[in-house]
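Step one of this worksheet: look at the structure below.
Residue numbers (our numbering), protein chains in the order written: chain X, 33 to 125; chain E, 21 to 328.
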């Protein structure tokens, strides 16, 4: 089972079309291996993105350099998955 | 926690457990039947529960869940809803009246290969598991693979993308099976596809900004359905057409169903927004299903009372 230790999910709120375009640019950078849970489209819709541990610092640095507002939705994805697995095991018992 | 026999609706389950529960529902209720409408790329059966109290080729309502495999709350909610429909017939006036006039079809796991993969290999898997000739990447986004604006903006031609539209419309057997079923049935009046997680109730279109001819009616039904949903726990939903409410998406399920003449075509994006994304805790399954049920009832009652 693939693990997601250190993966973070960020919620990004854009203020204008320019910031949406910056996120669409980010989306196109395949080497970052970003998983957009909600894709960048319009300023009214927040963007949620799962970031592998190795890319977290780069993405945050990019967002901060562009002045794009974000918050951490999930601090460590694996912690949440472990809890989910534990809940399933308890239910099965 | 809510149970039916040994099945816990407030927990996530494997595909085998889900299929066993479908059999259990069939054994408990004489008007519930399990039918196979096709099989997935990896040859898993696509099981639909048919709720029918008689008649031949009655007008019908279709519900499906889990076309994006990692959206676990959708498959789980579908099972709660299946049990609710079965157990409410004969006691709830609305459901009794509905099933006395119409059939109901429910596909709880529309992407079984992806679902099994989320349990065994990668919890974050969204697509099908079909192999793409010439690509190192696997899978197609089954909600971009329908023949409605297929391949246009709002889907990706990159086979490694999460929104890859596939080589051609209906290339995915999971999609083709539903397409064939809908066409051969010919009397489906409402089609609801259940996704998660951004709390939306959407109607066509996603591939074009041109409003559907029935926009006003669909908007009014959405407003009523969302009001019913929110009345239970205060969950806030937005509603509108796909393209105006969230983003351009081509090759989507309900755009195709609407173009087939199924006026009441909707898609839900269930909870949650702001905390867990696709990893909604199991304790929220039943509340999510309960509130969704209230909105579904509005859509189904409207369909029943406005036959076309």
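For every residue, glycine included, the Cβ atom is placed at its ideal position computed from N, Cα and C.
Beta-carbon gap between residue i and residue j smaller than 8 angstroms
{"i": "residue 227/E", "j": "residue 275/E", "result": "yes"}
{"i": "residue 14/E", "j": "residue 223/E", "result": "What is shown of chain E runs 21 to 328, which leaves residue 14/E out entirely."}
{"i": "residue 248/E", "j": "residue 290/E", "result": "no"}
{"i": "residue 76/X", "j": "residue 52/X", "result": "no"}
{"i": "residue 190/E", "j": "residue 184/E", "result": "no"}
{"i": "residue 112/X", "j": "residue 299/E", "result": "yes"}
{"i": "residue 98/E", "j": "residue 198/E", "result": "no"}
{"i": "residue 80/E", "j": "residue 125/E", "result": "yes"}
{"i": "residue 134/E", "j": "residue 143/E", "result": "no"}
{"i": "residue 273/E", "j": "residue 163/E", "result": "yes"}
{"i": "residue 316/E", "j": "residue 259/E", "result": "no"}
{"i": "residue 40/X", "j": "residue 107/X", "result": "yes"}
{"i": "residue 323/E", "j": "residue 209/E", "result": "yes"}
{"i": "residue 89/E", "j": "residue 131/E", "result": "yes"}
{"i": "residue 305/E", "j": "residue 29/E", "result": "yes"}
{"i": "residue 35/E", "j": "residue 136/E", "result": "yes"}
{"i": "residue 319/E", "j": "residue 241/E", "result": "yes"}
{"i": "residue 106/E", "j": "residue 49/E", "result": "yes"}
{"i": "residue 80/X", "j": "residue 43/X", "result": "yes"}
{"i": "residue 119/E", "j": "residue 321/E", "result": "no"}
{"i": "residue 74/E", "j": "residue 66/E", "result": "no"}
{"i": "residue 244/E", "j": "residue 250/E", "result": "no"}
{"i": "residue 278/E", "j": "residue 192/E", "result": "no"}
{"i": "residue 96/E", "j": "residue 120/X", "result": "no"}
{"i": "residue 69/E", "j": "residue 212/E", "result": "no"}
{"i": "residue 129/E", "j": "residue 186/E", "result": "no"}
{"i": "residue 78/X", "j": "residue 65/X", "result": "no"}
{"i": "residue 49/X", "j": "residue 141/E", "result": "no"}
{"i": "residue 53/E", "j": "residue 217/E", "result": "no"}
{"i": "residue 58/X", "j": "residue 46/X", "result": "no"}
Within chain E, partners of residue i - CB distance below 8 angstroms
{"i": "residue 113/X", "result": "143, 299"}
Residue i at chain X interface by Cβ criterion, 8 angstroms
{"i": "residue 227/E", "result": "no"}
{"i": "residue 155/E", "result": "no"}
{"i": "residue 302/E", "result": "yes"}
{"i": "residue 255/E", "result": "no"}
{"i": "residue 184/E", "result": "no"}
{"i": "residue 295/E", "result": "yes"}
Closer than 9 angstroms at the beta carbon, the chain X residues around residue i
{"i": "residue 266/E", "result": "70, 71, 73, 74, 77"}
Any C-beta of chain E under 8 angstroms from that of residue i
{"i": "residue 123/X", "result": "yes"}
{"i": "residue 41/X", "result": "yes"}
{"i": "residue 119/X", "result": "yes"}
{"i": "residue 104/X", "result": "no"}
{"i": "residue 108/X", "result": "no"}
{"i": "residue 101/X", "result": "no"}
{"i": "residue 116/X", "result": "yes"}
Counterpart residues of residue i in DSSP-defined beta bridges
{"i": "residue 103/X", "result": "43/X"}
{"i": "residue 71/E", "result": "52/E, 124/E"}
{"i": "residue 151/E", "result": "158/E"}
{"i": "residue 213/E", "result": "84/E, 287/E"}
{"i": "residue 79/X", "result": "44/X"}
{"i": "residue 250/E", "result": "Answer by DSSP bridge pairing: none, since residue 250/E is not bridged."}
{"i": "residue 59/E", "result": "65/E"}
{"i": "residue 222/E", "result": "260/E, 287/E"}
{"i": "residue 27/E", "result": "24/E"}
{"i": "residue 184/E", "result": "176/E"}
Amino acids of chain X, ordered along the chain, whose beta-carbon sits closer than 8 angstroms to that of residue i
{"i": "residue 287/E", "result": "Neighbours of residue 287/E on chain X: none; closest Cβ ~15 angstroms, over 8 angstroms."}
Interface partners of residue i on chain E, CB under 7 angstroms
{"i": "residue 34/X", "result": "141, 142"}
Residue i: CB within 7 angstroms of a non-hydrogen atom of the ligand NAD
{"i": "residue 38/E", "result": "This structure lacks the ligand NAD, and indeed carries no ligand of any kind."}
*Taking Cβ-Cβ distances below 9 angstroms as the criterion, which residues of the region 43 to 75 of chain X are in contact with chain E?*
Result list: 43, 62, 67, 68, 69, 70, 71, 72, 73, 74.
Requested in this report: For the region 29 to 46 of chain E, enumerate the residues whose C-beta is nearer than 9 angstroms to any C-beta of chain X, in chain order.
Outcome: Contact residues of the region 29 to 46 of chain E toward chain X are 30, 31, 32, 33, 34, 37 (C-beta to C-beta distance below 9 angstroms).
Counting only Cβ-Cβ distances shorter than 9 angstroms, please list the residues of the region 189 to 220 of chain E near chain X, keeping chain order. Flagged, chain order: 217, 218.
Using a Cβ cut-off of 9 angstroms, which residues of the region 44 to 67 of chain E contact any Cβ in chain X, in chain order?
none
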